[in-house]
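In UniProt numbering, the protein residues as written are 1 to 461. Single-structure report; data block below.
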């Protein structure tokens, strides 16, 4: 067997290719190979290093992290998804893990801890100093999915009596340790939030002004608020960051624009996966084991397969009708496909409207009426076309059956598709779970019942 060549530094693309080839060739690398790999990594941008690590299994990713300079290793590790971070932690030596974990922001530590086994989580927490451990535990005390799990306690707090010039000096001294310098919460002596100011206000202030002169009414969120709902509202505003308060309106942290984007990205990934009948992956696709890909899909496929038995039972009930007029079976794929697609379109539209706050649970009647009219219009158009084609190719009776069925199926599917996400929200379930796969199965069964009843009525059988 020939030994793979060590990375050439002719250009970045070639360096990446050679790095991946060497990593994939052998489990144990020679010192000279590691040295050349380290040099190759130094010639890549941080973005390229992150993408390279994301494409590797956890052990290879750990090798790459160990070859990076400490500062670049921390930045690269911080940029990875929490699930991928957790896998790499399991492949790193304890001292390497401790350094990387301590360098993360508090909110990022919490996301990582959520993905670690309890034993490893205790080990990495033991490597923190007392202050960092307390701040991390404080965020861990909030429920998953709340703003408290995603906020940062690293914020500069000011009071109304503070002079603007003194605050600017303090900002300069502490900027490196703060989550943001653009939003400064203003509190009273009991740490109750009473206002907000920012960098723009500080530089525009007159000489000798105090924070009380330039502060304004704050937008804020409670630590127990739903993170996704808050993030979607937050991103629709002009704010860079908003203060987070407890039940007594005392300041406990700050929720930034970047963190809100991360929350939305994670929620959207989960929704898209569930709309396709699988669970969202918590790490990059290429570094996800095949077994985990299998697990993310098999449960939903089993659920859908069992629910599809309804369709089989409907066909069994109307077996005599199909046997008497065999041409009816030719249109089953057309009708079930149209019903499923119509329902999926409505469900996707309403699910997104719920996420954006455009639709609420109390709007259920309005949504049903709107989707009923949309479905009726779609059914009229598709039914007319179906009637004409079936009449020309087969007979007038078949044309009437197909046209009437398309009208009914589109109306019913659109109404049900718009209804289900709101019902899911009302019972505390994820609207995405009630989306495409489930609605398709439901519309298949009910659509066939409608189809065969119309056929029996028109044909008199």
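Cβ atoms here follow ideal geometry from the backbone N, Cα and C, with glycine treated the same way.
Taking 4 residues as the minimum length, the alpha helix (DSSP H) runs contained wholly in the UniProt domain "Magnesium transporter MgtE intracellular" (44-147) are 46-54, 58-67, 70-79, 82-91, 94-103, 106-113, 118-126 and 130-140, in order along the chain. Cα atoms of residue 393 and residue 333: separation of roughly 17 Å, rounded to the nearest angstrom. The shortest C-alpha to C-alpha distance from residue 252 to any of 191, 200, 206 and 260 is the one to 191. C-alpha of residue 173 to C-alpha of residue 245: approximately 25 Å in a straight line. Residue environment analysis places residue 85 among the buried positions, since at least 16 neighbouring C-beta atoms fall within 10 angstroms of its C-beta. Apart from sequence neighbours up to five positions away, the residues of its chain that approach residue 233 with a beta-carbon distance below 7 Å are 357, ordered along the chain. Setting aside the 5 residues that flank it on each side, residue 162 is surrounded in the same chain by 210 and 211, each with a C-beta closer than 7 Å to its C-beta; the list follows chain order. At a cut-off of 3 residues, the continuous stretches assigned as beta strand (DSSP E) that sit fully inside the segment 145-228 are 183-187 and 193-198. Measuring C-alpha to C-alpha distances from residue 370 to each of 35, 338 and 416 identifies 416 as the nearest. DSSP, read as helix, strand or coil, puts residue 254 in strand.
Contact between residue 151 and residue 223 holds, with the beta-carbon distance rounding to 7 Å and staying under 8 Å. Residue 111 and residue 131 have their C-alpha atoms some 19 Å from each other. The C-beta separation of residue 351 from residue 289 comes to about 30 Å, leaving the pair out of contact by the 8 Å criterion. The segment 338-353 makes contact with the segment 394-414; the number of CB pairs closer than 8 Å reaches 3 or more.
For residue 317, the secondary structure class from DSSP, reduced to helix, strand or coil, is helix. The Cβ atoms of residue 440 and residue 342 lie no closer than 7 Å to each other. Taking C-alpha positions only, residue 214 is separated from residue 185 by approximately 12 Å.
Judged by their CB atoms, residue 104 and residue 78 are nearer to each other than the 7 Å cut-off.
The beta-carbon separation of residue 155 and residue 128, rounded to 20 Å, does not stay under the 8 Å limit for a contact. Residue 121 is positioned such that its CB atom lies closer than 7 Å to that of residue 113.
Contact check for residue 202 against residue 164 passes: the beta carbons are separated by less than 7 Å. In the structure shown, residue 458 falls within a helical segment according to DSSP collapsed to helix, strand and coil. The DSSP-derived three-state label of residue 243 is strand. Comparing alpha-carbon positions, the option among 383, 56, 235 and 426 lying closest to residue 405 turns out to be 383.
Secondary structure of residue 373 (DSSP, three-state): helix.
Look at residue 237 here: in three-state DSSP terms it is coil, with no helix or strand label. DSSP places residue 352 in the uninterrupted alpha helix (DSSP H) bounded by 332-356. In this chain, the alpha helix (DSSP H) harbouring residue 400 covers 396-426. Nearest Cα to residue 183 within the set 326, 297 and 218: 218. Residue 106 is not a Cβ neighbour of residue 74, given a cutoff of 7 Å.
A check of alpha carbon separations from residue 254 across 314, 157, 354 and 396 identifies 157 as the nearest.
Rounded to the nearest whole angstrom, the C-alpha separation of residue 318 and residue 403 is 20 Å. With contacts defined as CB atoms closer than 7 Å, residue 401 and residue 353 fail to qualify as a contacting pair. Shown here, residue 298 sits in a helix according to DSSP, grouped into three states.
Of 65, 72, 60 and 54, the smallest CA-CA separation from residue 46 is found for 72.
In this model, residue 54 and residue 216 are separated by some 43 Å (Cα to Cα).
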